[in-house]
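Below: one structure, written as C-alpha cells.
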Amino acid sequence: MIPGELVGLRAREPEDAALFHAWNSDPETMLWWDRTYPPVPVPLQEERLRTVPSPSFDEPSFTITDLATGTAIGWCGLHHVSAEHRHAELGVMIGDAAYRGRGYGSDATRTLCRFAFDRMNLARVTLVVFAANAAARRAYEKAGFVEEGVQRRAAWKRGEWLDLVHMAVFTETLR
Amino acid sequence: MISGELVTLRARRPGDEEHAARWYDDPETTRWLLNDAGPYEIPAGMTTFADARFTVDDTATGTPIGTAGLVNASPEHRRATAFLVIGDAAFRGRGYGFDTMRTLCRFAFDSMNLAKVELEVLAGNDRAVALYERVGFVREVHRRRALWVEGEWHDEYLMGLFREELR
Chain A
69 MIPGELVGLR AREPEDAALF HAWNSDPETM LWWDRTYPPV PVPLQEERLR
119 TVPSPSFDEP SFTITDLATG TAIGWCGLHH VSAEHRHAEL GVMIGDAAYR
169 GRGYGSDATR TLCRFAFDRM NLARVTLVVF AANAAARRAY EKAGFVEEGV
219 QRRAAWKRGE WLDLVHMAVF TETLR
Chain B
688 MISGELVTLR ARRPGDEEHA ARWYDDPETT RWLLNDAGPY EIPAGMTTFA
738 DARFTVDDTA TGTPIGTAGL VNASPEHRRA TAFLVIGDAA FRGRGYGFDT
788 MRTLCRFAFD SMNLAKVELE VLAGNDRAVA LYERVGFVRE VHRRRALWVE
838 GEWHDEYLMG LFREELR
C-alpha cells in the first residue's frame with residue numbers, strides 16, 4: 069500500500085469489480101469522463117481484474133482507499149507509460165460521492181505523482197481535463213500542474229463539442 | 688487511390704517494404720520520427736476508417752517516395768491523428784510533403800467525414816512545423832520536455848486542423 073495524507077493506494081482486486089461498475093454507471097461520477105458506453109458487466113470486470121498482473125511499470129493502476137478506514141473510494145492509474153521518454157498520463161476517479169470536494173482527489177493525485185517520480189523514476193506526468201471542468205483544473209494547478217495548451221473541440225459529449233486542456237507536472241514543480 | 692497535384696496516395700502493397708526499409712534507415716528521417724508513423728506494415732486487408740495508411744507515389748514517375756496516413760480515428764469524436772514521412776530525400780523541400788498532407792486532409796474530411804485532423808511533431812522540426820502551418824494546422828498544445836531524442840529533451844507540439852481551416 070502506498071500512503072498519502074488522506075488516501076492509500078493499493079492493488080486493484082476482483083472484489084472491487086462491483087464498486088467500479090457502480091461508479092462507472094453513475095452519471096454524476098461520469099460527468100467529466102470521456103466514456104461513451106456503459107461499463108462491462110460485473111462478472112467480466114471481475115474476470116479482468118483476476119487476470120491483470122499486479123501493478124507494474126507498464127500498468128500502475130490502483131484502488132484509492134480512505135487511509136483512516138480502508139474503504140475503497142476510487143480508482144487511479146498511469147497510462148501510456150514511456151520508458152524512453154520517462155512520462156505517463158494520469159487518471160484519477162473519486163467514485164464515492166461522500167469523498168468529493170474534501171481533498172481526497174488532490175491527495176490521490178499528489179500521491180500517484182510522488183510514486184511516478186520517486187519510485188518509477190519518471191520525469192513528467194501529464195493529464196487531460198475538460199476545459200469546462202473548472203474545479204478539477206484548479207485542483208490540478210494547486211498540485212503544481214501547468215497548462216500546456218487547449219485541444220480545440222476535441223471531444224463530443226452530451227451533444228456538443230468540448231475543448232480539452234492538457235496539463236503537465238515535473239518532479240521539481242510538484243507541490 | 689487519391690490524387691493531389693504532385694502525389695498519389697494509394698494502398699500499401701507487397702514490394703513497398705524495400706522502399707520503406709531504405710526510408711527508415713536514413714537518420715535524417717528517423718530523428719524526427721514519432722510513434723504514429725511506424726512500423727511500416729503491409730495491411731492484410733483493405734484501407735479502412737480505423738487503418739488508413741498509404742504509400743505516397745510521385746504521380747509523374749510512379750516512384751514511391753514516402754508514407755502518410757491517419758491513425759487512431761475516433762468515430763464519436765470525428766478526429767484522427769495524421770502522420771507524414773517523405774522518405775526519399777530527393778523529394779524533400781519541393782512541395783511534395785505539403786501536397787501529401789493537403790491531400791490526406793481532404794481525404795479525412797471529404798471521404799472519412801472527420802471534423803478534425805490532428806498531428807504531433809517535435810518542436811525542433813522547423814521544416815515540418817512550417818509545412819503543417821501552411822496547410823492550416825494550428826499549434827494547440829506545447830508539451831515541454833516531452834520526448835528524449837538523441838541525448839536531450841525536446842518539446843513537442845500537438846497541432847490541429849478543422850475542415851474550414853484547410854488551405
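Protein chains in written order, with my numbering: chain A, 69 to 243; chain B, 688 to 854.
Quick reminder that beta carbons are idealized off the backbone N, C-alpha and C, glycines included.
Note that this is a predicted model, so its numbers are computed, not measured.
- Within the same chain, F741, V743, L771, T787 and L791 come within 6 angstroms of B/A755 by CB-CB distance, once the 5 residues on both sides are set aside.
- Shown here, A/D102 sits in coil according to DSSP, grouped into three states, outside any helix or strand.
- Per DSSP, A/T177 is not a residue of any beta strand (DSSP E); the alpha helix (DSSP H) it occupies stretches across Y172 to R182.
- Under a 10 Å Cβ-count criterion, B/L809 is classified as buried, with 16 or more other Cβ atoms of the shown protein chains found around its own Cβ.
- The region 122 to 135 of chain A makes no contact with the region 198 to 214 of chain A, as fewer than three CB pairs between them are under 8 angstroms.
- Distances from the CA of A/L99 to each of A/R243, A/G171, A/A202 and A/N189 were compared; the closest alpha carbon is that of A/A202.
- Of all alpha-carbon atoms in B/G780, B/T768 and B/P751, the one lying nearest the alpha-carbon of B/F736 is that of B/T768.
- The Cβ-Cβ distance between B/V694 and B/D745 falls below 8 angstroms.
- Look at B/W835: its C-beta is under 8 angstroms from a C-beta on chain A.
- Three or more beta-carbon pairs separated by less than 8 angstroms are not found between the region 178 to 196 of chain A and the region 81 to 90 of chain A, which leaves the two stretches without contact.
- Cβ-Cβ separation between A/L74 and A/Y172: approximately 5 angstroms, consistent with a contact (criterion under 8 angstroms).
- Considering only beta carbons, the part of the region 102 to 129 of chain A lying closer than 8 angstroms to chain B consists of T104, in chain order.
- Unbroken alpha helix (DSSP H) stretches of 4 residues or longer found wholly inside the region 740 to 822 of chain B: 783 to 793 and 813 to 822, given in chain order.
- Taking A/A176 as the centre and dropping the five residues before and after it, the same chain places the C-beta of V75, I132, C144 and V160 closer than 6 angstroms to its C-beta, in chain order.
- Contact of A/H147 with chain B by beta-carbon distance below 9 angstroms is absent, the smallest such distance being about 14 angstroms.
- The alpha-carbon separation between A/P82 and A/T139 amounts to approximately 15 angstroms.
- Setting aside the 5 residues that flank it on each side, A/D102 is surrounded in the same chain by A223, each with a C-beta closer than 6 angstroms to its C-beta; the list follows chain order.
- For A/L112, the uninterrupted alpha helix (DSSP H) segment begins and ends at V110 to T119.
- DSSP lists no bridge partner for A/K210.
- Secondary-structure assignment with DSSP links A/R192 through a beta bridge to A/H155 and A/F238.
- Residue contact with chain B for A/V197: absent (no Cβ-Cβ distance below 8 angstroms to any residue of chain B).
- Excluding its 5 nearest sequence neighbours in each direction, A/V110 has C-beta neighbours in its own chain below 7 angstroms: A85, A86 and H89, listed in chain order.
- DSSP places B/Y844 in the strand class (E or B) of the three-state scheme.
- One Cα belongs to B/H706, the other to B/A760, and the distance between them is close to 26 angstroms.
- Taking A/F213 as reference, the option from A/V233, A/W229 and A/R226 with the minimal CA-CA separation is A/V233.
- In the displayed model, A/P71 falls within a strand according to three-state DSSP.
- DSSP lists A/L230 as the bridge partner or partners of A/A223.
- Taking a Cβ-Cβ threshold of 8 angstroms, the residues of chain B close to A/E152 are W835, in chain order.
- The Cβ-Cβ distance between A/R154 and A/L190 falls below 8 angstroms.
- Residue state for A/W91 is assigned as helix, using DSSP reduced to three classes.
- By the Cβ-count criterion, B/K803 is buried, with 16 or more other Cβ atoms from all chains shown falling within 10 Å of its own Cβ.
- Using a 10 angstroms sphere on the CB of A/R192, the tally of other CB atoms reaches 16 or more, which defines it as buried.
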